[in-house]
Structures are given as structure tokens and as C-alpha cells.
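Novice: Read in numbering that gives the first Met the number 0, the sequence shown has 132 at position 133, and its numbers run on one by one without any break. All C-beta atoms in this analysis are idealised placements derived from N, C-alpha and C, irrespective of residue type, glycine included.
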Amino acid sequence: MVAFNKSILYNCNAFWKIKYGDKLNKKGYTLVELILVLAILGIILFISMPTISNINDTYLNSFARQLLYDIRYVKNMNMTEPSKSYNMVLLEDGYQIRYANPMPAFHKVVDLRDQYSISFYENSVWFNANGTPRRAQTIMIHNNNTENYRKITINVNTGRILLYE
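(1) Within 10 angstroms of its Cβ, does Gln65 collect 16 or more other Cβ (buried), or is it exposed?
(2) Name, in chain order, the residues that DSSP records as bridge partners for Tyr72.
(3) Note down, in chain order, each residue of its chain lying with its Cβ closer than 6 Å to the Cβ of Tyr163, except the 5 sequence neighbours on either side.
(4) Is the separation between the beta-carbon of His106 and that of Ile96 shorter than 8 Å?
(5) In whole angstroms, give me the CA-to-CA distance for Pro49 and Val155.
(6) Where Thr57 and Pro81 are concerned, what is the direct C-alpha to C-alpha distance, given to the nearest angstrom?
(7) In whole angstroms, what is the alpha-carbon distance linking Arg159 and Asn127?
(8) Considering only residues of the segment 45-115, which uninterrupted beta strand (DSSP E) runs meet the minimum length of 3 residues and lie entirely inside it, listed in chain order?
(9) Val124 by DSSP, collapsed to three states: which one?
(10) Buried or exposed: which applies to Leu59, given that a residue is buried once 16 or more other Cβ atoms fall within 10 Å of its Cβ?
(11) Locate the beta strand (DSSP E) running through Thr152, then write down its first and last residues.
(12) With DSSP as the reference, please indicate the residues paired to Ile140 in a beta bridge.
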């Protein structure tokens, strides 16, 4: 039976150190280091990727802002060109901007995506030549999948148009 001799092990390590130097332990990465790097990269990618709900909210916000700007456009056009009598017709799946004089015509037609809908009290928005609406109006834009909504109000006294998120 061969007895374990520490000097043999020491001489063997010395031989490897002479032949390869300290490069032996620095040639590759350990499994722990690789797993750690992959975990950090996974966390960074997970944080940086947009979620589906954020994309849906972005569309909801942009459509609500577009509707708000178009209502303000109808108001301004009625103030600058009252003879054309611009109005906005609200539909459940979009809206239309029309003018009535000299002949009824469409100025702009906007459609919503399938998962969105518009709710309103009255289906048209009219403004007088001084910029006041004929009626107060609250318009709700709904995301039917997530139940998120944006609300646009038109004040009857001042004609002020506000977007609530």
C-alpha cells in the first residue's frame, strides 16, 4: 500500500506551476461566473422590454390626444370660418369631422382598433362662432381588454376642452 505523501503533491503542483505558470486558472470562466453573467443579462433584458399593457396604454393615450386635438381643431375652425359650420360626429368605433356649408362633406375620418370603444352622451360636437359648445359633453375612450379609459370633457360655459388620464 502506498502511503499518501504531501511532498509528492507539492512537487506535482510545482511542476505544473513551472510548466504553465499562473495561466492555468485564468484560461476560462467558471460555471458560477457564466451563470451570474447570464442572470444579469436576463434581468437587463426583462426590464428593458416593453410590456403589452404599456403598448396598449400608449395607443389609448395617443388616440385620446388625437381626439382632443381634433375637437380643438373643430372649435378653432368654427371660430375662424363660421360659414362652413364644422362639427364632429362621434361613433362607437371612431369619429368623423364634417363641415356643412356649402355642401355636407367629410373633412377627416378616424377609426379605432377593435379592442377600443368610445362612449358619449350626444353623438355630435358643435361649437358656435365664439367658441362655446352647444352642449356640455363627456367622451370616454375605453380599452375593452384592460378596462383602462381616458375621459375628455367639454365645458359648456367656457368651451374649455380637457383630457383626464
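Specialist: Taking the coordinates as given:
(1) The sequence position of residue 65 within the sequence shown is 66, counting from 1. Burial call: exposed.
(2) Counting from one through the sequence shown, the residue named residue 72 turns up at place 73. DSSP, once it has assigned bridges, lists no residue as partnering Tyr72.
(3) For the purposes of this step, residue 163 is taken as residue 164 along the sequence shown, with counting starting at 1. Cβ within range, chain order: Lys150.
(4) Indexing the sequence shown from 1 puts residue 106 at position 107. Indexing the sequence shown from 1 puts residue 96 at position 97. Cβ atoms of His106 and Ile96: closer than 8 Å.
(5) Translated into the one-based positions of the sequence shown, residue 49 becomes position 50. Translated into the one-based positions of the sequence shown, residue 155 becomes position 156. If you take the alpha carbons of Pro49 and Val155, they lie about 40 Å apart.
(6) Here residue 57 refers to the residue found at position 58 when the sequence shown is read from its first residue. Here residue 81 refers to the residue found at position 82 when the sequence shown is read from its first residue. Going from the Cα of Thr57 to the Cα of Pro81 covers about 35 Å.
(7) Here the question's residue 159 lines up with position 160 in the sequence shown. Here the question's residue 127 lines up with position 128 in the sequence shown. About 13 Å.
(8) Counting whole runs of 3 or more residues, the segment 45-115 contains the beta strand (DSSP E) stretches 85-90, 93-98 and 104-110.
(9) On the sequence shown, position 125 is the one that residue 124 refers to. Strand at Val124.
(10) The residue you call residue 59 lines up with position 60 of the sequence shown. Result: buried.
(11) As a working note, residue 152 is residue 153 in the sequence shown. Start and end: Tyr148 to Ile153.
(12) Here the question's residue 140 lines up with position 141 in the sequence shown. Ile117 and Arg149, per the DSSP bridge assignment.
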